[in-house]
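>
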Amino acid sequence: MENRSNVLFPLGRAALGVLFFVSGLLKIGGFAGVAGYMASQGLPIANILLVGVIVLEVGGGLLLITGWQARWAALALALFLIPTTLIFHAFWSADAAHFQDQLTNFLKNLSIFGGMLLLVERGFRQAR
Numbered sequence: 126m127e128n129r130s131n132v133l134f135p136l137g138r139a140a141l142g143v144l145f146f147v148s149g150l151l152k153i154g155g156f157a158g159v160a161g162y163m164a165s166q167g168l169p170i171a172n173i174l175l176v177g178v179i180v181l182e183v184g185g186g187l188l189l190i191t192g193w194q195a196r197w198a199a200l201a202l203a204l205f206l207i208p209t210t211l212i213f214h215a216f217w218s219a220d221a222a223h224f225q226d227q228l229t230n231f232l233k234n235l236s237i238f239g240g241m242l243l244l245v246e247r248g249f250r251q252a253r
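Mapping to our numbering: the sequence shown position 119 is 244, numbers consecutive.
(1) Between the beta-carbon of Val176 and the beta-carbon of Phe146, is there less than 9 Å?
(2) Determine the contact status of Leu189 and Ala198, defining contact as a CB-CB distance below 9 Å.
(3) If you draw a straight line from the C-alpha of Lys233 to the C-alpha of Leu206, how long is it?
(4) Spatial neighbours of Gln166 within its chain, please: C-beta separation below 8 Å, excluding the five flanking residues on both sides.
(5) In three-state terms, what does DSSP make of Ala164?
(6) Can you list, in chain order, the residues of its chain whose CB lies under 7 Å from that of Leu242, leaving out five sequence neighbours each side?
(7) What is the rounded straight-line gap between the Cα of Pro208 and the Cα of Leu141?
(8) Distance check for Asn172 and Ala160, CA to CA, integer angstroms please.
(9) Below 7 Å CB to CB, which residues in the same chain sit around Tyr162 once its five sequence neighbours on both sides are set aside?
(10) Smallest Cα separation from Gly185: which of Ile237, Ala201 and Ile170?
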């Protein structure tokens, strides 16, 4: 079982990392549109916040993919997911046309948050 874990854990970690890495790269290409969307959701200084988001997603994604400082990257990404999910996927206040999409995205982010917590826990457990 240990051999499978030695293969599956890095694959799973990298798969989670790819999600953030690609998302960050796409935000670079669509910077103006993403910043505009962030501003429309009431976020101040959206351009500056977006630069931080891109650094976190690209950098954190790369750390998860490579495994270097992955525990800390997972913790940072987990903390990032909390306000992101609450602000951008508030299904409870969505209109009927968007309720299902927002609920799905909320639950997707909740699942990714769970994956990040598992990476954080595994990292701390291995460090002992």
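The C-beta atom is built at its ideal place from N, Cα and C for all residues, glycine as well.
Quick look at the numbers:
(1) It is not a contact, given that the beta carbons lie outside the stated cut-off.
(2) yes
(3) 11 Å
(4) Ile212 and Phe213
(5) helix
(6) Ala203
(7) Each residue's Cα considered, the two are about 19 Å apart.
(8) Roughly 6 Å between the two C-alpha positions.
(9) none
(10) Ala201
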